[in-house]
Amino acid sequence: MAVDPRSARFALHEARSWRGDDSGLLGPTPFTRETHDAYAALGGYPDRGARGAGLLDRLAGTPGMAALQGRGGAAFPALTKIRAAARAAAAAPSPPVVVANGAEGEPLSVKDRYLLRYRPHLVLDGLLTVAAALGAPQAHVYVADAVARASVETALADLAEPDPVTTVHVFAAQDTYVAGEETAVVRALTTGIARPVDKPPRPFQVGVRGAPTLVLNVETLACIARTGLRGASRAGATFLATVSGAGRSPVLYELPIGLGLGDLLREHLGRQDSGLDVLIGGFFGGIIPAWPDLELSHPGVARRGAGLGCGSLHLLEPPACPVAVAADVVAFYAEHNAGQCGMCMASSTAIAATLAELGEPRPDRNYAELLPRWAAQLRGRGACAVPDAIAVLLRSLLRHHPQTVTRHLAAGCDRCRRIKGDSRWEHLVVTLPVPADEPTDPLAAELVPSAMGAR
Amino acid sequence: MRLRVDPVKCQGYAICTEVAARHFSLDDWGFAQALVVDVAEADVEAVTEAITDCPVRAIRWIPGPGEDDGRGTQEPAG
Ligand code: SF4
Ligand code: SF4
Chain A
0 MAVDPRSARF ALHEARSWRG DDSGLLGPTP FTRETHDAYA ALGGYPDRGA
50 RGAGLLDRLA GTPGMAALQG RGGAAFPALT KIRAAARAAA AAPSPPVVVA
100 NGAEGEPLSV KDRYLLRYRP HLVLDGLLTV AAALGAPQAH VYVADAVARA
150 SVETALADLA EPDPVTTVHV FAAQDTYVAG EETAVVRALT TGIARPVDKP
200 PRPFQVGVRG APTLVLNVET LACIARTGLR GASRAGATFL ATVSGAGRSP
250 VLYELPIGLG LGDLLREHLG RQDSGLDVLI GGFFGGIIPA WPDLELSHPG
300 VARRGAGLGC GSLHLLEPPA CPVAVAADVV AFYAEHNAGQ CGMCMASSTA
350 IAATLAELGE PRPDRNYAEL LPRWAAQLRG RGACAVPDAI AVLLRSLLRH
400 HPQTVTRHLA AGCDRCRRIK GDSRWEHLVV TLPVPADEPT DPLAAELVPS
450 AMGAR
Chain B
0 MRLRVDPVKC QGYAICTEVA ARHFSLDDWG FAQALVVDVA EADVEAVTEA
50 ITDCPVRAIR WIPGPGEDDG RGTQEPAG
């Protein structure tokens, strides 16, 4: 369908905390770039008092830290990851490397570039704290968005004096879907090629130029820095959610972890509509009914067979068809996989075609048997999690939309049939407009991942 | 220990599925997937042959789920 992803329809102009609550991540004045002095006035860049193991222990003892799950999508416990990198570093010949991952290839999420553009010091403070705890002499901010990159560079220049432990480099990441995957980050920083590598080893074992490397999402780092500011609550008490769809302008919310989806819908749409579905966790978490009692936390969403991932929620209002949206997402993957795993390229192309075909009644193939079979075959297979994402999507269709799928198989679907074309996923995009006062190429800041010349 | 087929390398030559049919199968798109978690003593020879015979060296041993992968925790079951 002919949707220009650069159109104002997808632009996010609103960022706010939940009912004026905690705005520790969004900052006191949304859409305003926080200066070094303003951040320091909040208690930023506190005297860390210790470094190395002492600082690591103190971090570990920070309330909420043990429960903090990574905000990049995989939701891996941040402290476990930091500790693993510290252990690996103790045994490795080269010193560890820390990376702030702000590549954010998810077309439905803008929170990472928001943080880097408007709260660069919060991210840098977190990065320097973790780097000091590991004794890492080198750290990188890995960022694709041009405005965000400029903001981080300015913030680094504003630091009163260079950090005694760590030198921070800014790396211009490729604006592709897979560039933010951990092993792609490591590979890009080492060789310039931003494509995932099969695991194990994981980056904390063998990372940038062979050194143990800790890759943390920028929101995770912001959560860590936040605990050092005045009036801080538990680490990770809130999360950033890019909420879009249902004909309403997208909003970046800072929400309390565990908020019920019904409360969010009442706030966002002014109604608690039970007929909605939600494409959750970027393109990674599946399509599920927008249950009002869905608890917005990683475990809460996982209990319902889906994933909160990067925290984005794209609301699908009838007559949006979950099968058509699944087809759109898989079409995106078919176009934006890293083009290196045979099974991923072949399966995403075939599944995208199959889902699109469900618009036509197809009695000749047993799709009711094939779809679950494919979901099972994709699990854990790729060098990155794209095949798993497709599996989650298929499973969510089968589990939560069985009647819709059956109806498609029996009778086809006019909506799906009508939606044709290469870039059929282009309506599933949120953009963060370039600030008027930024003298930057407007297209460079768009978050639509460019075609995978290379995910 | 379990078997892992590197998806970047596998070209679907299907040698592994012939040499060790109970340990590998081809998916619906013609690429190999490792089937068995625990390899019995009696099968080690066949599996080793599959590993050495794969023309692109796509198969290897990796720590199994629940085995320490260095993070001090087991991999989340995706
Ligand atoms: S699984 Fe797919 S997206 Fe991931 S690295 Fe392989 S080809 Fe790329
Ligand atoms: S022999 Fe190697 S290349 Fe061939 S299917 Fe098996 S793993 Fe893939």
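The listed protein sequences derive, respectively, from chains A and B. Final position of the first sequence in numbering that gives the first Met the number 0 is 454; the numbers increase by one with none missing. Final position of the second sequence in numbering that gives the first Met the number 0 is 77; the numbers increase by one with none missing. We treat Cβ as the ideally placed atom computed from N, Cα and C, and that holds for glycine.
Between the alpha carbons of residue 26 of chain B and residue 376 of chain A, how many angstroms are there, rounded?
7 Å
Roughly how many angstroms lie between the CA atoms of residue 363 of chain A and residue 393 of chain A, to the nearest whole one?
20 Å
**Request:** Starting from residue 339 of chain A, find everything on chain B with Cβ-Cβ shorter than 7 Å and list it in chain order.
**Result:** 7
Open item on the list: Can you pull out the residues from the region 29 to 41 of chain B whose beta carbon lies closer than 9 Å to at least one beta carbon of chain A?
Closed with: 29, 30, 31, 32
- request: Check the DSSP bridge columns for residue 294 of chain A and list the partner residues they point to.
  value: A/259
Exercise for review: To the nearest angstrom, report how far apart residue 186 of chain A and residue 133 of chain A are at their CA atoms.
Suggested key: Roughly 21 Å between the two C-alpha positions.
DSSP three-state label for residue 363 of chain A, please. In the three-state scheme derived from DSSP, where H, G and I count as helix and E and B as strand, residue 363 of chain A is classed as coil.
Report task. Give the DSSP-derived three-state secondary structure of residue 376 of chain A in the structure shown. Result -> Taken through DSSP and simplified to helix, strand or coil, residue 376 of chain A comes out as helix.
With distances taken between CB atoms, is the gap from residue 60 of chain B to residue 349 of chain A smaller than 8 Å?
no
Checklist line | Beta-bridge pairing of residue 171 of chain A - partner residues as DSSP gives them | finding: A/142
For residue 451 of chain A, does the three-state DSSP call read helix, strand or coil?
Bear in mind that a pLDDT of 34 at residue 451 of chain A, under 50, signals an unreliable position, so the model cannot answer this.
(message) Checking 8 Å against the spacing of the C-beta atoms, do residue 408 of chain A and residue 112 of chain A come in under that value?
(response) no
ask   = Hey, residue 231 of chain A and residue 178 of chain A: beta-carbon distance below 8 Å or not?
value = no
Checklist line | Where residue 61 of chain B sits in the DSSP three-state scheme | finding: strand
Taking 7 Å as the line, does the beta carbon of residue 340 of chain A fall inside it for any heavy atom of ligand 2? For ligand 2, not one heavy atom lies less than 7 Å from the Cβ of residue 340 of chain A.
Rounded separation between residue 303 of chain A and residue 74 of chain A - CA only:
16 Å
Review point. Which residues share a DSSP beta bridge with residue 24 of chain B?
Key: The partner list for residue 24 of chain B (beta bridge, DSSP) reads B/32.
- Go through its chain and collect everything with a Cβ distance to residue 452 of chain A's Cβ below 6 Å, but skip five positions before and after it. Caution applies to residue 452 of chain A, whose pLDDT of 31 falls short of 50 and renders its modelled position unreliable; the value that the coordinates give is listed next. Answer for residue 452 of chain A: no residue qualifies.
* Pairwise C-alpha distance: residue 5 of chain B and residue 27 of chain A -> 47 Å
TODO: Report the neighbours of residue 380 of chain A on chain B: residues whose CB is nearer than 9 Å to its CB, in chain order.
DONE: Result: 4, 6, 26, 30, 32.
Practice item. With residue 276 of chain A as the anchor, note down where its beta strand (DSSP E) starts and where it stops. Key: 276 to 279
Discussion item. For chain A, check one thing: does any of its Cβ atoms lie closer than 8 Å to the Cβ of residue 50 of chain B?
Written reply: Output row for residue 50 of chain B: interface = no.
Name the two residues that bound the continuous alpha helix (DSSP H) containing residue 46 of chain B. 43 to 52
Nearest candidate by alpha-carbon position, reference residue 229 of chain A, set A/196, A/44, A/299, A/212
A/44
**Asked** If we ignore side chains and look at the alpha-carbon of each, how far apart do residue 156 of chain A and residue 150 of chain A end up?
**Response** Approximately 10 Å between the Cα atoms of the pair.
Next item on the list: Give a single yes or no on whether residue 320 of chain A has its beta carbon closer than 7 Å to a heavy atom of ligand 1.
Entry: no
Cβ closer than 7 Å: which chain A residues qualify as neighbours of residue 11 of chain B? 341
*Continuous beta strand (DSSP E) stretch holding residue 53 of chain A: start and end*: Membership of residue 53 of chain A in any beta strand (DSSP E) is not indicated; the residue belongs instead to the alpha helix (DSSP H) covering 51 to 59.
| Status (buried if at least 16 other CB within 10 Å, exposed otherwise) for residue 347 of chain A | Burial call: buried.
With a cut-off of 8 Å on the beta carbons, I'd call residue 87 of chain A and residue 204 of chain A a contact; round off their distance for me. 6 Å
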